[in-house]
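Shown next, in structure tokens, is the structure this report addresses.
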Amino acid sequence: SRTGALRMHRVLACTICYDVTYPPTLLTVVDRNTRTSVPSHILQQPATDPVTLLTLVLTSDKLPWLVFARSRRCNISSPKPSGISFFKKRPPPNIILSSTPVTVSDVLRSLHEMLYTPVTQEEWEALESRKQKKFWKTYKARCERTGDGGMGGVRRIDYLGEETILVGIEVDGLTEGGRLVFARP
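First residue of the sequence shown: 79, per the numbering used here; consecutive thereafter.
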């Protein structure tokens, strides 16, 4: 249980400019005020104050999935979400306790990994045909832009449409987590 109101690290809250199409690196995670790379020592700082141990849950109005940002040093095994029954639900993790906080880097890595998860057949079939067409178009545009040849089919990132720049994470008082804010390049 937390003591005091949750606050996001200032980089995550207001200065980040990260194109989630690419893995988080010193080249892709930029401070939008200075237009310079966010230094690695900043990326290794706790993502929240007070610190979040184990898992920080993130949501987005654009995505039907939750992002579980976990400390890279924490050993957690959870059942792999599959199908629409896992949308916006927390899987029960088997946790080996750790005192290592979730870092800024952990948040960005977890977000990228979740977004590059392929959409399952069940998830795809649950969509209205107009949304399927929209996400298929986004998928084709992403493949052309990144040159990845479309390996793996439609991915969760394609649900973002053209808004692939993470520009902040707002505190969500209801979930004691964060709400992802995306914008167009």
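Using N, Cα and C, we set each Cβ at its ideal position, and we do this for glycine too. All figures in this text were calculated on a predicted structure; none of them were measured in a lab.
What would DSSP say about LYS158, mapped onto helix, strand or coil? No answer about LYS158 holds up, because its pLDDT of 45 lies below 50 and its placement is not dependable.
Please name the residue in ASP97, THR130, THR198 and THR126 whose C-alpha comes closest to that of SER115. ASP97
Assign ARG262 to buried or exposed, taking buried as 16 or more other Cβ atoms, counted over all protein chains shown, within 10 Å of its Cβ. exposed
Same chain, Cβ closer than 6 Å to ARG257, five either side skipped, listed in chain order: THR137, GLU248 and ASP250
Beta carbon of CYS92 nearer than 8 Å to that of GLY255: no
Taking a contact to mean a Cβ-Cβ separation below 8 Å, would you say VAL145 touches LEU205 in this structure? no
Quick check on the burial criterion: 16 or more other C-beta atoms within 10 angstroms. Buried or exposed for VAL107? buried
According to DSSP, simplified to helix, strand and coil, what is SER149? coil
Looking only at its chain, what residues have a beta carbon closer than 6 Å to the beta carbon of THR216, apart from the 5 residues adjacent to it on each side? ASP236 and GLY239
Bridge partners of MET86, per DSSP? THR126
Please state the DSSP three-state secondary structure of ILE174. At ILE174 the pLDDT is 47, less than 50, meaning the model places this residue with poor confidence and gives no usable figure here.
The alpha helix (DSSP H) with TYR217 in it runs from where to where? 207-224
Is the beta carbon of PRO102 sitting closer than 8 Å to the one on SER183? yes
For LEU104, which option in ILE120, LEU90 and ASN111 has the closest C-alpha, if you only look at C-alpha atoms? ILE120
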